[in-house]
Structures are given as C-alpha cells and as structure tokens.
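In the UniProt record's numbering, the protein residues as written are 1 to 264.
The structure under discussion appears below in the form of structure tokens.
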C-alpha cells in the first residue's frame, strides 16, 4: 500500500539529501557516458550501473531522444537503500554509418524517492511527472560511437595504465595464476594416477581370464584321459573268441578172414 503523497512531501522537505542544485544526487551512474562499438548489421550494448546513495528507496527511469534505435532493460526500476542496479542499453544493428561517426543521441536518467518497500509495479503513472510535488533529479548522458580497432587500443592503454598504477593488483594476479597452474598440475597428476589404476585393473582382469581358461582346459584333458583309460581297460577284460574245429569219425569195418586158419 502506497503512502499518501502529502506524507512523502513532508519527508522530502526535511531530508537534506534532496537538494535542488543536485550537489548530493540520489543516485550515481557509472560510466558517465554511453559508448557503443559501431559495426554495420551488428548490435552493440553498454551497461550502466546505478547506485543508490541514500537510505531511501529510489525509483529511476531512463529516457532517450531516439527510442527506436535503442533497447533499454530495465527502463524503470526501484533501487533499495545503498544498493545498486545494472541497466543494459542495446544499440540496434545499424544499416549505415553516421556522418563523421558523430552521434547526437542523448539519454536522460530520472530519479526520485519512493515509499519503503515499493515495487516497480506499484509505481504510479505520474511518478516522474515534473508537474507533481515530488522533486525529481535528472542525469544526462551522451552517446559515443567507437570502432572496434579504437576500442581495442583504448582497452590496451587502459590495461597498461592500470598495471602501472596498481602493482599490488599485478602481484595478486600473478598469485592467482600460480595457484591456477598448481591446480592444473595437481589435476594432471590425479589423472595419471587414475589411468595407472585403470591399467592395473585391466591387467588383473586379463590374468584372471587366462587362469580360468587354463583350468577349463586342464579339466577337459583329465576327463578325456579318464574316458580313454576306461575304454581301454574294458576292451582288455572281455574274453576272446576261440575258433572251434569240427572233426568227423568214420566207422571201422571189421576185417574178414575167410579161408585162413589161425594156428593154435
């Protein structure tokens, strides 16, 4: 439930953060200008970080002079006290180069204090209306187009100056690289140990297979030997067939001695 507007006016009147000259802004924006890498038929984006510098809930809204060329998300939001939010501004894929690569587009970031625990869906339609009794702060942002090559050179120069001005950061980066290399070496060592264990296990499986095969062959040989021995002994114990010879006897006829006298 929103707090009545009259109560909000009273709070703003005694709050030293809300000043008309903008010396103490409600929010700060980083960077203070929008830079897009300009390439034909390719979109480009730039991120804006909005930081709430107060102990109040602050609502913001982004406007531009060329709404058809840019895509802003979120274009409206609420930042909690001492918190921040990121706005992504996307340049739609251009079809032609602007004259002298100069851009006349501008952005306007409006901000105002809202009641505590206000959600972006709860913001009234006239939240950023200048005719209301609220005090609205505005921040204007210019737009610049850069080529990919110039952006690369600027990034290299920025990194070089950062390296010169921050030796402690360089040492921290070197320490992180050393830790990364140590982790990589440890990973490789663990991988080698794992491969060794796999090969050892594979050799054990091969040895077991050969022993089983030898045992099976030995058992088969013993069984074949027993069968041969049993068949050979059975053939020796059976009686041999004896051939039978048939004999025929002819009757003897008595001899007769007629006319022969045997002396007494």
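Cβ coordinates follow ideal geometry from the N, Cα and C atoms, glycine included.
Beta-carbon proximity list for residue i, same chain, < 6 Å, skipping 5 on both sides
i, result
"residue 220", "none"
"residue 69", "92"
"residue 118", "57 and 78"
"residue 242", "In this prediction, residue 242 has a pLDDT of 46, which is less than 50 and means its spatial position is unreliable; what the coordinates show is noted afterwards. Hits under 6 Å: none found."
"residue 177", "none"
Supposed contact pair residue j and residue i - C-beta distance, whole angstroms, cut 8 Å
i, j, result
"residue 127", "residue 112", "7 Å"
"residue 89", "residue 78", "Contact doesn't hold; Cβ gap of about 19 Å is too wide."
"residue 101", "residue 38", "7 Å"
"residue 27", "residue 51", "6 Å"
Selection from the options that minimises the alpha carbon distance to residue i
i, options, result
"residue 130", "51, 81, 61 and 94", "61"
"residue 134", "110, 202 and 41", "110"
"residue 53", "44, 84 and 74", "84"
"residue 46", "215, 145 and 124", "145"
"residue 122", "103, 223, 172 and 59", "59"
"residue 143", "103, 188 and 116", "103"
Residues bridged to residue i [DSSP beta-bridge criterion]
i, result
"residue 138", "110"
"residue 144", "35"
"residue 73", "88"
"residue 28", "51"
"residue 62", "109"
"residue 45", "90"
"residue 57", "114"
"residue 79", "58"
Beta-carbon proximity check, residue i vs residue j, cutoff 9 Å
i, j, result
"residue 76", "residue 105", "no"
"residue 95", "residue 34", "no"
"residue 120", "residue 74", "yes"
"residue 31", "residue 48", "yes"
Close beta carbons around residue i, own chain, < 8 Å, minus the five adjacent residues each side
i, result
"residue 108", "62, 63, 64, 138, 139, 140 and 141"
"residue 265", "Here the chain has residues from 1 to 264 only, and residue 265 is not among them."
"residue 160", "Confidence is the limiting factor: at residue 160 the pLDDT is only 49, short of 50, which leaves the residue's position unreliable, though a coordinate-based value still follows. Cβ within range, chain order: n/a, list empty."
Contacting residues, own chain, Cβ-Cβ under 7 Å from residue i (five flanking each side not counted)
i, result
"residue 56", "81 and 113"
"residue 222", "none"
The ligand GTP heavy atom lying under 8 Å from the CB of residue i
i, result
"residue 102", "In the structure shown, the ligand GTP is absent, as is every other ligand, since no ligand is present at all."
CB contact check: residue i to chain D, cutoff 9 Å
i, result
"residue 126", "Checking the listed chains, one finds no chain D in this structure; it contains a single protein chain."
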